[in-house]
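To start, the structure under review is shown below, and the notes come after it.
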Amino acid sequence: MARFLHVSDTHLGSRQYMSDMREQDFFDSFKESVDIAIREKVDFIVHSGDLFDNWSPSNRSLMVFRDQAMRLRDAGIPTYLIMGDHDRPKRTDFPAAQIFDFMGITLLGMEEAEFANFTAEDEEILIAGISNMKGLRRDRLPGEYARADEKASEYESSILLSHQAVKGFLHDDAIEVQKEDLPRNFTYLAFGHVHDSSLQINRRPVFAYAGSTELKSDREINAYLKNGKAVNLADISHGALKVERIRLKSVRPQFLIETDYENYLNDIEDTARKYSSLMGDKKPLVSLKIFGDADRESVKNKLSTFDNLEFRPPFFIPKVTAVEMKTGINKASDFIREFFSDDPEISRVASDYFREFRNSREDARTMLEKELESYSGKD
Ligand SMILES: [Mn+2]
6 MARFLHVSDT HLGSRQYMSD MREQDFFDSF KESVDIAIRE KVDFIVHSGD LFDNWSPSNR
66 SLMVFRDQAM RLRDAGIPTY LIMGDHDRPK RTDFPAAQIF DFMGITLLGM EEAEFANFTA
126 EDEEILIAGI SNMKGLRRDR LPGEYARADE KASEYESSIL LSHQAVKGFL HDDAIEVQKE
186 DLPRNFTYLA FGHVHDSSLQ INRRPVFAYA GSTELKSDRE INAYLKNGKA VNLADISHGA
246 LKVERIRLKS VRPQFLIETD YENYLNDIED TARKYSSLMG DKKPLVSLKI FGDADRESVK
306 NKLSTFDNLE FRPPFFIPKV TAVEMKTGIN KASDFIREFF SDDPEISRVA SDYFREFRNS
366 REDARTMLEK ELESYSGKD
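Residue numbers (the numbering used here): 6 to 384.
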């Protein structure tokens, strides 16, 4: 028998909303995953990709990972991992995780399926890994799955690590793998890439997206409110698998509230009450969308009086006003000016971005990042 933890999509270094607080949240939930591995005395960890948020991580992210890798090494717990789409180098370079190969961190399957053996008390367990394959590499994936599957037929217990979008779990444009292409001989398919978790125990092999350990985007809020974020704790023995989700407590609760000026205070109170069971050590982070007319100053003042909630700067979405097509509106920039005619500041920003995006996406991106940085700095 061997016990292992399946962790995925930790995205160390991610700074959601350009926020230092959010960067720390990702570090916290990664550390909690390591706490769980040590507490549960697992024999090894499998990580199914997107360890770091970026293929060239910040020094801080590398330090955070180093410190946790040292704790695991001291506890005698090796880690097997693959690269996600975020950690595959965009030019000729080594993957960041490979720096830690001397500490019991084994990176598998950079270009093709690769295999490691874990020697448990009474059996050899196969750990197969294929890093994220997209673009030209994608075409080789079915062949690599087939090769891994053949290898798995030689073992009673086997685990496959892969980081891809399987049909049924993401929108159809993003699909890279059909369900019938998935290998059949493994005991457990440990998948990464899809951030909303799912665990299918009533099929062979057992299939799991462990899901991300923090919310990388507000699209993850609904699934998070339903299922939380988790890592999977599994016992594997002679081809039999028992697996349970262990919820991560350090995840910062997030809410998205769509409302209007008349109801926003009630809606905030209702949401906070409804999800009071999620309130832990961290203040929930609320994204607020206010539709229609609103006294923006008053909203901002009111929000600052909540001491149990953190607010992102609220989004105000004014009623869409029809632009009358009068003479003189020939160019898109005239149209933009007319559309935002009640707010000269927004009108200026919109025109600037329109112009920049037309010239160069890269310049526009730099401009947007600068603007957001100064914005989050103010808040
Ligand atoms: Mn990811």
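Cβ coordinates follow ideal geometry from the N, Cα and C atoms, glycine included.
How about the segment 173–187 and the segment 137–152: do they share at least three Cβ pairs that are nearer than 8 Å?
Yes, the segment 173–187 is in contact with the segment 137–152.
Compute the minimum distance between the beta carbon of G89 and the heavy atoms of ligand 1, and state whether it is under 7 Å.
At least one heavy atom of ligand 1 lies closer than 7 Å to the C-beta of G89.
Identify whether G140 lies in helix, strand or coil by the three-state DSSP scheme.
The answer is helix: DSSP assigns G140 an H, G or I state.
Is D14 helix, strand or coil by DSSP?
Look at D14 here: in three-state DSSP terms it is coil, with no helix or strand label.
Helix, strand or coil, according to DSSP, for E129 in the structure here?
DSSP places E129 in strand when its eight states are reduced to three.
Do you know how far the Cα of F320 is from the Cα of D347?
Here the alpha carbon of D347 sits roughly 17 Å from the alpha carbon of F320.
Of the residues F57, D33, F196, which one's Cα is nearest the Cα of A170?
When each option's Cα is compared against that of A170, the closest is F196.
On the three-state DSSP scale, how would you describe V291?
Correct three-state label for V291: strand.
Nearer than 7 Å: is that true of the beta carbon of S217 relative to any heavy atom of ligand 1?
Short note on S217: C-beta closer than 7 Å to some heavy atom of ligand 1.
DSSP beta-bridge partners of T111:
For T111, the beta-bridge partners assigned by DSSP are Y85.
In whole angstroms, what separates the C-alpha of L166 from that of D368?
One C-alpha to the other measures close to 38 Å.
Can you find the residues in the same chain that come closer than 6 Å, C-beta to C-beta, to R257, ignoring five residues on each side of it along the sequence?
Around R257: D30, K287, L290.
Could you give the residue range of the beta strand (DSSP E) that holds L56?
No beta strand (DSSP E) holds L56; DSSP gives it neither H nor E.
Per DSSP, H168 forms a beta bridge with which residues?
Beta-bridge partners of H168 (DSSP): G197.
Verify whether the separation of the beta carbon atoms of G244 and S162 is less than 8 Å.
Between G244 and S162, the C-beta gap is smaller than 8 Å, which places the two residues in contact.
Any heavy atom of ligand 1 within a distance shorter than 7 Å of the CB on D55?
Under cutoff, so the answer is yes.
Bounding residues of the alpha helix (DSSP H) (the contiguous stretch that carries R278):
From DSSP, the alpha helix (DSSP H) with R278 extends over 269–279.
In terms of residues, what are the limits of the alpha helix (DSSP H) holding Q205?
DSSP places Q205 in no alpha helix (DSSP H) but in the uninterrupted beta strand (DSSP E) bounded by 203–205.
Let me check you understand the geometry: is the CB of H52 closer than 7 Å to at least one non-hydrogen atom of ligand 1?
If you check the C-beta of H52 against ligand 1, you find no heavy atom less than 7 Å away.
Express the C-alpha separation of T97 and F362 in angstroms, rounding to a whole number.
Distance between the alpha carbons of F362 and T97: 29 Å.
Three-state class that DSSP yields for S346 in the structure shown
Three-state DSSP puts S346 in coil, outside helix and strand.
DSSP bridge partner residues for R250 (one or two, in chain order)
Residue pairing for R250: DSSP places it in a beta bridge opposite N237.
Between the C-alpha atoms of D384 and E128, what's the straight-line distance to the nearest angstrom?
Per-residue confidence for D384 stands at a pLDDT of 39, beneath the threshold of 50, marking its modelled position as unreliable; the derived number appears in the next sentence. E128 has its alpha-carbon roughly 56 Å from the corresponding atom of D384.
Can you give me the Cβ contacts of Q73 inside the same chain, cut-off strictly under 8 Å, excluding the 5 residues immediately before and after it?
Answer for Q73: F35, K36, V39, listed in chain order.
Residues near L146 by beta carbon distance below 6 Å, same chain, minus five either side
Result list for L146: M138, in chain order.
I'd like the list of long-range same chain contacts for E374, defined as Cβ closer than 6 Å, with 5 residues on each side in sequence excluded.
None.
Beta-carbon proximity of T276 to I262, cut-off 8 Å
Contact: yes.
Whether or not the segment 51–66 and the segment 88–107 are in contact is what I'm after, with contact meaning three or more pairs of Cβ atoms, one per stretch, closer than 8 Å; do they touch?
A contact exists between the segment 88–107 and the segment 51–66.
Through-space distance from Y22 to I273, alpha-carbon basis
Going by C-alpha positions, I273 is about 20 Å away from Y22.
Please state the DSSP three-state secondary structure of E376.
Here E376 sits in helix by DSSP.
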